[in-house]
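Each residue of the sequence shown is one higher than the last, beginning at 12 in our numbering.
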Amino acid sequence: MTTPELTAVVAATHDIWMRTNDLLGQSLAEHQMTPATFQALWVIDPEEKPPSMKAMAERLYCNAPNLTFISNQLVDRGLVERAVDPDDRRSRVLVLTTKGRQVREELVRTALEKTPLAVLSAVELRQLSALLGRVARPAG
12 MTTPELTAVV AATHDIWMRT NDLLGQSLAE HQMTPATFQA LWVIDPEEKP
62 PSMKAMAERL YCNAPNLTFI SNQLVDRGLV ERAVDPDDRR SRVLVLTTKG
112 RQVREELVRT ALEKTPLAVL SAVELRQLSA LLGRVARPAG
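Below, the structure written as structure tokens:
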């Protein structure tokens, strides 16, 4: 059942995401990136092993052709390289390049500085994180 509270929360979540993307526009343009390519770069954690194309598609909620298009853009910009998955030689993984690590770090920092959520206190952010953690799918 839809409630006014649920509608308001979904609308606010959407607004925050869209405003963050808008506020990132200039930074993204400097790197010839779109919100979609930035999302892909964001989900490649430099502290974890390179994700498979299947893992990337799951993280981005997209199909294989769309992921191929996005990953081609990242490869063309020198941000990632495709490599053979050491765990499954039939698959490919996306590996951040040095440039990709630098651009990712810069854009993530900019996103965190510009997000409308930055006005919240540490206590409010912990509360919000706990609530969102109840409904968010674990990273993976």
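Positions of the beta carbon are idealized from the N, C-alpha and C atoms, including for glycine.
Would you mind listing the beta strand (DSSP E) stretches within the segment 50-103 that are 3+ residues and don't spill past its ends, in chain order?
91-96
Exposed or buried, what is V114 when buried is set at 16 or more other beta-carbons lying within 10 Å of its beta-carbon?
Residue 114 sits at position 103 when you count from the first residue of the sequence shown. Under this definition V114 is a buried residue.
Quick one: what does DSSP say V106 is sitting in, helix, strand or coil?
As a first step, residue 106 must be located in the sequence shown, where it is residue number 95. DSSP, read as helix, strand or coil, puts V106 in strand.
Can you name the start and end residues of the alpha helix (DSSP H) that V20 belongs to?
To locate residue 20, count along the sequence shown from 1; it is residue 9. In the DSSP annotation of this structure, the continuous segment of the alpha helix (DSSP H) that includes V20 starts and ends at P15 to E41.
For S132, name the three-state secondary structure that DSSP assigns.
Against the sequence shown, residue 132 aligns to sequence position 121. If DSSP states are grouped into helix, strand and coil, S132 belongs with coil.
What is the rounded straight-line gap between the Cα of G36 and the Cα of T24?
Position 25 of the sequence shown holds residue 36. Position 13 of the sequence shown holds residue 24. Cα-Cα distance, rounded: 19 angstroms.
Just the C-alpha distance for V134 and R120, rounded to the nearest angstrom, thanks.
Residue numbering aside, residue 134 sits at position 123 when the sequence shown is read from its first letter. Residue numbering aside, residue 120 sits at position 109 when the sequence shown is read from its first letter. Near 21 angstroms, if we compare the C-alpha coordinates of R120 and V134.
Drop a sphere of 10 angstroms on the beta-carbon of L123, count the other beta-carbons inside from all chains shown, and report buried for 16 or more, exposed for fewer.
Residue numbering aside, residue 123 sits at position 112 when the sequence shown is read from its first letter. Its Cβ having fewer than 16 others within 10 Å, L123 is exposed.
Buried or exposed: which applies to L52, given that a residue is buried once 16 or more other Cβ atoms fall within 10 Å of its Cβ?
Along the sequence shown, read from residue 1 onward, the residue named residue 52 stands at position 41. By the 10 Å Cβ count, L52 comes out buried.
C-beta contact flag for A68 and A75 at 8 angstroms
Counting from 1 along the sequence shown, the entry for residue 68 is found at position 57. Counting from 1 along the sequence shown, the entry for residue 75 is found at position 64. Cβ distance < 8 angstroms, so A68 and A75 count as in contact.
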